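> To start, I am sharing the structure in question, which I have written as structure tokens.
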């Protein structure tokens, strides 16, 4: 039985794939949460890497102990009677919001890159995501873990190539000054708080997959090593994109999908390839979000679940017409505030588990 369970690599890949999405791979998250703080944003990413390792492990370990099928068991156990229902509502809401953002992001991408009506991009992503989730948790894990190596390699590769090959148009000190003088999102505040919010809203999204993933893992070593590899992979990838954004800040600061611009500056073929990769990144987060949302509102193993999955997808398709960048700018930080409470509850829960051991 244990040989059929999820390996360390798949744990790490699924973790990365659940977090990495349109906001990450487009460059928008690094731009709004870290590049705007200049070099201080780099210290924020070091904090991010450590927090991803620690809390990724905690979520999977608690999920394994509780044999969770969704985020609900973890939330009830960690938050208690008062905070549990509030966090449950927050996570369920954000899962649907993230699904909507991913569908919206696919439309924005095909419009910018290929000149296609964004609705067709929205429809394609919605349909493909629903079909994957209808196959169950194994289909979710397999689809994400297969796609992730290409996603991370491409994002890091484009970022490093832009840093090494594109000419620096401005003195580095002027770049930092330009970043630090830009009008920032008042919801984010300083670089340290930006790091905490970034991890908290991502874990709010990822917990619905990480909890069941802990159950599916081979053993506790696979969970621990998967959390370490996943956290480092996320941190390194984010840092590469951050430096690319920082180096080209004055050019990309107002772009919807800055990474596409950087890829196009290197090669048109590379731009097309990265656009396809970005669609894959959007897909992995959409799949995780739809699975988590559906598992919360119904028994995912029952026949009626397919109606909830299809219904949720259609609602998200309709809501996606609100636009992608607005969701990254406002929805993510707001959910991050609620996610801080979740991180605190998870830390307390892990402490209690350690005392019982």
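In this note's numbering, the protein residues as written are 1 to 357. We put the CB at the ideal spot given by N, CA and C, even for glycine. Being a predicted model, the structure only gives us computed values, none of them experimental.
Within the continuous alpha helix (DSSP H) that includes residue 287, where are the two ends?
Where residue 287 is concerned, the enclosing alpha helix (DSSP H) stretches over 268-297.
> From the DSSP output, read off the bridge partner residues of residue 217.
Residue 217 is bridged to 6.
> Whose CA, out of 89, 188, 135, 123, lies closest to the CA of residue 44?
Ranking 89, 188, 135, 123 by Cα distance to residue 44 puts 188 first.
> Would you call the segment 245-264 and the segment 71-82 in contact, with 3 or more CB pairs under 8 Å?
No contact exists between the segment 245-264 and the segment 71-82.
> With a cut-off of 8 Å, do at least 3 Cβ pairs link the segment 270-279 to the segment 50-61?
No, the segment 270-279 is not in contact with the segment 50-61.
> Considering residue 76, what are the terminal residues of the alpha helix (DSSP H) in which it resides?
From DSSP, the alpha helix (DSSP H) with residue 76 extends over 71-114.
> Within 10 Å of its beta-carbon, does residue 209 have 16 or more other beta-carbons around it, so buried, or fewer, so exposed?
It is buried - the Cβ of residue 209 has at least 16 other Cβ atoms within 10 Å.
> Looking at C-alpha atoms only, which residue of 18, 14, 78 is the closest neighbour of residue 351?
Comparing Cα-Cα distances from residue 351 to each of 18, 14, 78, the minimum goes to 78.
> Any idea what DSSP makes of residue 134, helix, strand or coil?
Residue 134: coil per DSSP, three-state reduction.
> Less than 8 Å between C-beta atoms, sequence neighbours within five positions excluded: which residues of the same chain meet that for residue 152?
For residue 152, where only same-chain residues beyond five positions count, the Cβ hits under 8 Å are 16, 20, 233, 237.
> What does the Cβ neighbour count give for residue 1, buried or exposed, with the cut at 16 atoms within 10 Å?
Note that residue 1 scores a pLDDT of 40, beneath 50, so its modelled location is shaky and nothing firm can be said.
> Spatial neighbours of residue 9 within its chain, please: C-beta separation below 6 Å, excluding the five flanking residues on both sides.
So no residue of the chain qualifies.
> Give me the residue from 192, 103, 202, 207 with the minimum Cα distance to residue 319.
Checking every option, the nearest Cα to that of residue 319 belongs to 103.
> Mapping DSSP to helix, strand and coil, what is residue 34?
Correct three-state label for residue 34: coil.
> In angstroms, rounded to a whole number, what distance separates the CA positions of residue 49 and residue 221?
If I take the Cα positions, the gap works out to 19 Å.
> Since residue 262 and residue 244 should fall inside the 8 Å C-beta cutoff, what is the C-beta to C-beta distance between them, to a whole number of angstroms?
Yes, they are in contact, since the Cβ atoms of residue 262 and residue 244 sit about 6 Å apart, within 8 Å.
> Can you tell which of 29, 342, 293 has its C-alpha closest to the C-alpha of residue 129?
The shortest C-alpha separation from residue 129 is found at 293.
> Could you compute how far the alpha carbon of residue 162 sits from the alpha carbon of residue 29?
Going by the C-alpha atoms only, they are around 18 Å apart.
> What do you reckon, are the CB atoms on residue 215 and residue 113 nearer than 8 Å?
No; because the gap between Cβ atoms is not below 8 Å, this pair is not in contact.
> Look at the alpha carbon of residue 178 and the alpha carbon of residue 192, and state the distance between them as a whole number of angstroms.
Because residue 178 carries a pLDDT of 48, less than 50, the predicted location of this residue cannot be relied on, and the following value inherits that uncertainty. Between residue 178 and residue 192, the C-alpha separation is close to 20 Å.
> Please determine if the segment 24-40 and the segment 277-286 are in contact, where contact requires at least 3 C-beta pairs separated by less than 8 Å.
Contact between the segment 24-40 and the segment 277-286 is present, because at least three Cβ pairs lie under 8 Å.
> Residue 95: which of 70, 346, 117 sits nearest, CA to CA?
For residue 95, the nearest C-alpha among the options comes from 70.
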